[in-house]
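Chemist: Sharing a structure here in structure tokens format.
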Amino acid sequence: SVKPDSCTVSTTCPYCGVGCGVTAKVENNQLIAVSGDKQHPANRGKLCVKGSALHETTSHSGRLLEPQINGQPVSWDQAINKAAQGFNKVIEQYGPDSVAFYLSGQLLTEDYYVANKLMKGFIGSSNVDTNSRLCMSAAVTAHKRAFGADLVPGCYEDLELADLVILVGSNTAWTHPIVYQRIVAAKKKRPQMKIVVVDPRRTATCDIADLHLALKPGSDSYLFTGLLSYLADNNGLDTTYIANHIQGFNAALSAAQEATPNTSEVAKHCNLDPDDLQQFYNWFCNITKAVTLFSQGINQSATGADKGDAIINCHLASGKIGKPGATPFSITGQPNAMGGREVGGLANQIAAHIDFSEPGNSKLVETFWQAPNMSHKEGLKAVDMFNAVKDRKIRAIWIMGTNPVVSMPDSNLIQKALQQCELVVVSDCVEKTDTTMCADILFPATSWGEKNGTVTNSERTISRQKSFLMAPGKSRHDWQIICSMAQAMGFKNGFNFTDPAQIFTEHAALSGFKNEGKRLFNISALSTLSEQQYDHLEPVQWPAVSTTKSSPRLFTDGKFNTLSGKALMVTVRPTLPVNQASAEYPYILNTGRIRDQWHSMTRTAKAIKLLRHIEQPFIEISPSDADHLNIQTNALLEVSNALGHCVAKAKVTAEQQPGSVFMPIHWNNRYAAAARVGNLVPPIRGRVSGQPESKHAPVKINKL
Ligand code: SF4
């Protein structure tokens, strides 16, 4: 419910996976100032530059304010009925697997829950996937294989307690700034704390590094199987922990020793200085309190799950898990990638951290939902989903709160696939995006500050995002739109929610349904919240045994979520990315975020101070490659491969290693059409995780 005209509200930042608490000051229905919420455990009163500019981003310019059919404004009834009839017609003719939902880590948990319930329980397909597939599905796979469930063991405090922090494939300073500031503050207090950054680029994160390992792009598995071999050779194993809590140790170690028997072998694979490598291995071997924080540099890879498990293996084998200051730690990109995982917003999960691995699982959820058309098998993951759209196997798709024409690999293909699809429905708060331009039907959705619900951050903290601004025009909340669609499609029961609190408590109840301690994700203590209690819910880390008692660390007793109760050390055989540089495409393109922009810039580009940080798209290139190509900074370059091409200005910098170039992901048709980098990324994805390889595209470069 919207608050009075003037008030102060505690809410949560809509950007990165740190999930900072924000205090919003509202006057006359305008957000006039924001500050960090001192009570929120993630940020304790601080905000980064993006978070602190939130009040400059809530104008209604560019907003989608009315439902539209083929570009013409219509009433909500007309839009919903047309979409519902379109979906029903396709389902009738081609079956439930001919339709799909593509969701977003920007949606709130309640939105995610009803969308997932509608598709998996009522339409009868599991074709529900999300842009979180592009962000952390490799880590999900790594967690499930190692721990038996998708569980993040540690918390932010562990980064402050550690004596060794290893940041792998993560420009934490720019992409998770408040977590980075917490590490900076901890190191200032205890300068003996060691920081190692593992990244092919020298990023801003390296400013606090004692050691930067600028490894060969994509060689991370070698680094960590090499570390496992080193631990075995240098008394770095915790043999008691292995005996009591680990399975698969011998196979994992012998594969590691076969691939990476010694440091000089690893140095060759990773193209690293052997002394630097020795230093890193020595620190990990001898420092008990170590946290390895890993992010998109690990995840956004066809072998990201193996890379994640190679890291986890080193923590398991040395007993550095489940203890203060000792954990592997996957940090998510988006504000609610975790919440989406919790409700089953991935095509290979059902709901409440229940997957399809056992036949009874979907039956359990079917019973709870009283679902008329329960899906009993996995659906299509993002890349395969859009391929099915292209191949006309999926004939109706509903995209909510995301812009796949910009963010998906091979984005030119995504655009073509949507343009020829029978029915494309898009819910968004922005009128003109690369994806809304492909829509037959547009639903105007509410945005941050107008929406009301929950999000879960990277350390499993569930926080409230609250509404304090009037919804503009005819916009509605995503969960309301989904419930209206469900009813218009003929599903009268199961979607009668009138408040997000009712959805949240149902989700919480499902997490405890016939659980009997089998699943660690259990927030059933929150299933009895009244609307008022939900409104005042304080941040709480799951598995929450009450509304006030958080669970900062998992596996403190050495018990994991597998049948045996032991963690599995996955056998990792390291490989390099399939697509390597060639004579035709001699450079490897890496992609990523910049400090002051978010995704496709629809919100952050409204704040002048954020735009000023970096105003134009760019291509980072090393001085030696620039010399070779006779390129100076600001020269206009074309970057291309068989999939497409991009144009941007050169930034010649020694931060980039020879043979590699870097482009940011943010620019698109709205701001700089020629710099839409997704059209260069090949749709190669992990066999199990489905996560695309977004950081390793061979390209050529021409000076224009
Ligand atoms: Fe928002 Fe992330 Fe910045 Fe925190 S660190 S204020 S969650 S963008």
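Heads up, the sequence shown is in the UniProt record's numbering, so the first residue is 4 and it goes up one at a time.
Yeah, the Cβ is synthetic: ideal placement off N, Cα and C, and Gly gets one too.
All figures in this text were calculated on a predicted structure; none of them were measured in a lab.
For the ligand SF4, which residues count as neighbours when the test is a C-beta closer than 5 Å to any heavy atom?
Modeler: Qualifying residues come out as 16, 18, 19, 21, 23, 50, 51, 53, 54, 180 and 181.
Chemist: Distance check for residue 15 and residue 380, CA to CA, integer angstroms please.
Modeler: Residue 380 sits at position 377 when you count from the first residue of the sequence shown. Residue 15 sits at position 12 when you count from the first residue of the sequence shown. Computed Cα separation, rounded: 35 Å.
Chemist: Apart from the five residues just before and just after residue 9, which ones in its own chain have a Cβ nearer than 7 Å to its Cβ?
Modeler: Within the sequence shown, numbered from 1, the residue matching residue 9 stands at position 6. Result list for residue 9: 29, 30 and 31, in chain order.
Chemist: In chain order, what residues of the same chain lie with their CB nearer than 7 Å to the CB of residue 492, ignoring the 5 residues before and after it?
Modeler: One-based indexing of the sequence shown puts residue 492 at position 489. So the list reads 87, 90 and 91, once near-sequence residues are dropped.
Chemist: So residue 131 and residue 139 are supposed to be a Cβ contact under 8 Å. How far apart are they, rounded?
Modeler: In the sequence shown, counting from the first residue as 1, residue 131 sits at position 128. In the sequence shown, counting from the first residue as 1, residue 139 sits at position 136. Their Cβ separation, rounded to whole angstroms, is 17 Å, which puts residue 131 and residue 139 out of contact at 8 Å.
Chemist: Using 8 Å as the threshold, is the stretch 649 to 668 in touch with the stretch 553 to 568, meaning 3 or more CB pairs across them?
Modeler: With a cut-off of 8 Å, the stretch 553 to 568 and the stretch 649 to 668 do not count as touching, because too few Cβ pairs lie within range.
Chemist: Please state if the CB of residue 688 and the CB of residue 305 are separated by a distance shorter than 7 Å.
Modeler: Along the sequence shown, one-based indexing puts residue 305 at 302. Along the sequence shown, one-based indexing puts residue 688 at 685. Cβ atoms of residue 305 and residue 688: closer than 7 Å.
Chemist: DSSP on residue 224, reduced to helix/strand/coil?
Modeler: In the sequence shown, the residue the question calls residue 224 occupies position 221. Three-state result, residue 224: helix.
Chemist: Buried or exposed: residue 206, going by 16 or more other Cβ atoms within 10 Å of its Cβ?
Modeler: What you label residue 206 is simply residue 203 of the sequence shown in a count that begins at 1. Counting Cβ neighbours within 10 Å, residue 206 comes out buried, since at least 16 surround it.
Chemist: Beta-carbon within less than 6 Å of residue 127's beta-carbon, same chain only, minus the 5 sequence neighbours each way: which residues are those?
Modeler: On the sequence shown, residue 127 is found 124 positions in, with the first residue counted as 1. Result list for residue 127: 99, 376 and 378, in chain order.
Chemist: By the three-class DSSP mapping on this structure, what secondary structure does residue 403 have?
Modeler: Translated into positions along the sequence shown, residue 403 becomes position 400. If DSSP states are grouped into helix, strand and coil, residue 403 belongs with the strands.
Chemist: Suppose you measure from the CA of residue 558 to the CA of residue 507; what does that come to, to the nearest Å?
Modeler: Translated into the one-based positions of the sequence shown, residue 558 becomes position 555. Translated into the one-based positions of the sequence shown, residue 507 becomes position 504. Near 26 Å, if we compare the C-alpha coordinates of residue 507 and residue 558.
Chemist: So, are the CB atoms of residue 584 and residue 701 less than 7 Å apart?
Modeler: Numbered from 1 along the sequence shown, position 581 holds the residue referred to as residue 584. Numbered from 1 along the sequence shown, position 698 holds the residue referred to as residue 701. For residue 584 and residue 701, yes; Cβs fall inside 7 Å.
Chemist: Assuming residue 298 and residue 334 form a contact by the criterion Cβ under 8 Å, report the distance between their Cβ atoms to the nearest whole angstrom.
Modeler: Here residue 298 refers to the residue found at position 295 of the sequence shown. Here residue 334 refers to the residue found at position 331 of the sequence shown. Contact holds; Cβ gap of about 5 Å.
Chemist: Considering just the uninterrupted stretch of the beta strand (DSSP E) at residue 426, what are its terminal residues?
Modeler: Position 423 of the sequence shown, counted from the first residue, corresponds to residue 426. Per DSSP, residue 426 belongs to the beta strand (DSSP E) from 426 to 431.
Chemist: Under 7 Å, do residue 363 and residue 354 count as touching if we go by C-beta distance?
Modeler: Start at 1 with the first residue of the sequence shown, and residue 363 comes out as number 360. Start at 1 with the first residue of the sequence shown, and residue 354 comes out as number 351. Taking 7 Å as the Cβ cut-off, residue 363 and residue 354 do not qualify as a contacting pair.
Chemist: With 16 other CB atoms within 10 Å as the buried threshold, where does residue 373 fall?
Modeler: As a position in the sequence shown, residue 373 is number 370, starting the count at 1. That one is exposed.
Chemist: Are the beta-carbon atoms belonging to residue 678 and residue 620 less than 7 Å from one another?
Modeler: Position 675 of the sequence shown, counted from the first residue, corresponds to residue 678. Position 617 of the sequence shown, counted from the first residue, corresponds to residue 620. Yes, they are a contact pair.
Chemist: Name the one or two DSSP bridge partners that residue 384 has.
Modeler: The residue you call residue 384 lines up with position 381 of the sequence shown. In the DSSP output, where bridge partners are listed per residue, residue 384 has none listed.
Chemist: The beta strand (DSSP E) with residue 266 in it runs from where to where?
Modeler: Here residue 266 corresponds to residue number 263 of the sequence shown, with the count starting at 1. Where residue 266 is concerned, there is no enclosing beta strand (DSSP E), although the alpha helix (DSSP H) it sits in stretches over 266 to 273.
Chemist: Tell me residue 132's beta-bridge partners as DSSP assigns them.
Modeler: Counted from its first residue, the sequence shown places residue 132 at position 129. Paired residues: 105.
Chemist: Under a CB-based cut-off of 7 Å, is residue 588 close to chain C?
Modeler: Any reference to chain C falls outside this structure, which holds one protein chain only.
Chemist: Can you tell me where the beta strand (DSSP E) holding residue 36 begins and where it ends?
Modeler: Within the sequence shown, numbered from 1, the residue matching residue 36 stands at position 33. Run containing residue 36: 33 to 39, per the beta strand (DSSP E) assignment.
Chemist: Does the Cβ of residue 520 have 16 or more other Cβ atoms within 10 Å, making it buried, or fewer, making it exposed?
Modeler: Numbered from 1 along the sequence shown, position 517 holds the residue referred to as residue 520. Result: exposed.
Chemist: Helix, strand or coil for residue 641? Go by DSSP, reduced to three states.
Modeler: Here residue 641 corresponds to residue number 638 of the sequence shown, with the count starting at 1. Three-state DSSP puts residue 641 in a strand.
Chemist: Could you tell me whether the Cβ atoms of residue 292 and residue 166 are closer together than 7 Å?
Modeler: For the purposes of this step, residue 292 is taken as residue 289 along the sequence shown, with counting starting at 1. For the purposes of this step, residue 166 is taken as residue 163 along the sequence shown, with counting starting at 1. In contact: residue 292 and residue 166 (Cβ atoms closer than 7 Å).
Chemist: Do the stretch 273 to 289 and the stretch 569 to 583 make contact, defined as three or more Cβ pairs closer than 8 Å?
Modeler: Judged by Cβ distances under 8 Å, the stretch 273 to 289 makes no contact with the stretch 569 to 583, as fewer than three pairs qualify.
Chemist: Take the Cβ of residue 114 as the centre, count every other Cβ of all protein chains shown within 10 Å, and call the residue buried at 16 or more, exposed below.
Modeler: Numbered from its first residue, the sequence shown carries residue 114 at position 111. Answer is buried; the Cβ neighbour count reaches 16.
Chemist: Quick check: residue 255 and residue 578, are their CB atoms within less than 7 Å of each other?
Modeler: Taking the first residue of the sequence shown as 1, we reach residue 255 at position 252. Taking the first residue of the sequence shown as 1, we reach residue 578 at position 575. Against a cut-off of 7 Å, the Cβ pair of residue 578 and residue 255 comes out as no contact.
Chemist: Report all residues from its chain with a CB closer than 6 Å to the CB of residue 638; omit the five preceding and five following residues, and keep chain order.
Modeler: Residue mapping note: residue 638 aligns to position 635 of the sequence shown, counting from 1. For residue 638, where only same-chain residues beyond five positions count, the Cβ hits under 6 Å are 653 and 706.
Chemist: Would you mind listing the beta strand (DSSP E) stretches within the stretch 598 to 679 that are 3+ residues and don't spill past its ends, in chain order?
Modeler: Listed in chain order, the complete beta strand (DSSP E) runs (minimum 3 residues) inside the stretch 598 to 679 are 621 to 624, 639 to 643, 648 to 655 and 663 to 667.
Chemist: From the DSSP output, in three-state form, read off residue 705 for me.
Modeler: Locating residue 705 in the sequence shown gives position 702, where the first residue counts as 1. Of the three classes helix, strand and coil, the one that applies to residue 705 here is strand, per DSSP.
Chemist: Taking the CB atoms as reference points, tell me whether residue 438 and residue 445 lie closer together than 7 Å.
Modeler: Counting from 1 along the sequence shown, the entry for residue 438 is found at position 435. Counting from 1 along the sequence shown, the entry for residue 445 is found at position 442. For residue 438 and residue 445, no; Cβs fall outside 7 Å.
Chemist: Give the DSSP-derived three-state secondary structure of residue 509 in the structure shown.
Modeler: Position 506 of the sequence shown, counting from 1, holds the residue named residue 509. Helix at residue 509.
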